[in-house]
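Some notes on the structure that comes next.
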Amino acid sequence: MKKIVASVLGLVMALTVAGCTGQPKSQHGNIDALAAEIRMLGPEIDPEEAYRAAHIAVTYSKQLAQEYEITDSPIIHNAKVNTGLRERGLCNHFAEDLTKRMRQEGFRTLSIHWATSPPTPFRIIHHSAVVSGRGGTIYDGILLDPWRYGGDLFWSKPEADKRYDWRPRMEVREELLNGRKARAAN
């Protein structure tokens, strides 16, 4: 009974928080604009690859939202996944699936990365994909965040995203593991 009450309370809280978030009207779903941003990563970027990466990022994000059966805000959908009402659709699922799909393309002039923003007192951990020029890092690329607006792709330079502190996934993972080890030792 406690689990049911906790689940219902969690959903009510998530609904309340979700009502406070709006979706910006710019930067979403525009393949040509994203392709132009990717091309601007450097003169070595193949324009065809930039367009293909943008097309996949935008359309596959929408496809994943359909596959995950997203009908609510991301926070509400997270609650559904965490209570077993949906199987997938957390940010790490979007990051995993989009990263895997884009890497299947075998881009010659682009690299695909997994970025993570560590948890803070006000935000949970968040995962996303990043596209950069070949050999670049997440800091040289463009963040591709399909989770934030439930399949409607958000993108920006990682440092321009004021909501999150994007860093390489393995760096954040190591930091979190070391923190757990330190707490366990105390």
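Note that the sequence shown covers residues -18 to -1, 1 to 168 in mature numbering (1 follows the signal peptide of the UniProt record, and there is no 0).
We treat Cβ as the ideally placed atom computed from N, Cα and C, and that holds for glycine.
Remember, it's a predicted structure, so these values are computed and weren't measured experimentally.
Cβ neighbour criterion (16 or more within 10 Å) applied to residue i
i, result
"Gly66", "exposed"
"Glu26", "exposed"
"Lys144", "exposed"
"Met84", "buried"
"Arg105", "exposed"
"Pro29", "exposed"
Cβ-Cβ distance between residue i and residue j below 8 angstroms
i, j, result
"Leu135", "Ala39", "yes"
"Ala97", "Trp129", "no"
"Arg68", "Glu51", "yes"
"Leu158", "Leu126", "no"
"Ala36", "Leu16", "yes"
"His95", "Ile124", "no"
Contact belief for residue i with residue j at Cβ below 8 angstroms, rounded distance in angstroms
i, j, result
"Leu92", "Gly71", "Going by Cβ atoms, the distance from Leu92 to Gly71 rounds to 26 angstroms, so no, they are not a contact pair."
"Leu46", "Phe89", "With 8 angstroms as the limit, Leu46 and Phe89 do not qualify as a contact, their Cβ atoms being about 20 angstroms apart."
"Val113", "Ile20", "6 angstroms"
Close Cβ partners of residue i (< 6 angstroms) along its chain, the five nearest in sequence each way excluded
i, result
"Asn74", "His109"
"Lys139", "none"
Range covered by the alpha helix (DSSP H) that runs through residue i
i, result
"Ser43", "29 to 49"
"Thr65", "Element bounds for Thr65: n/a, residue is neither H nor E."
Own chain residues within Cβ distance below 8 angstroms of residue i, not counting five before or after
i, result
"Ser43", "Phe76, Leu80, Leu126, Pro128, Gly133, Asp134, Leu135"
"Arg155", "Thr98"
Sequence-distant residues of its chain with Cβ nearer than 7 angstroms to residue i (five each side left out)
i, result
"Arg34", "Glu87"
"Glu101", "First, the residue type needs correcting, since residue 101 is Pro and not Glu in the sequence shown. Answer for Pro101: Ile107, listed in chain order."
"Gly161", "none"
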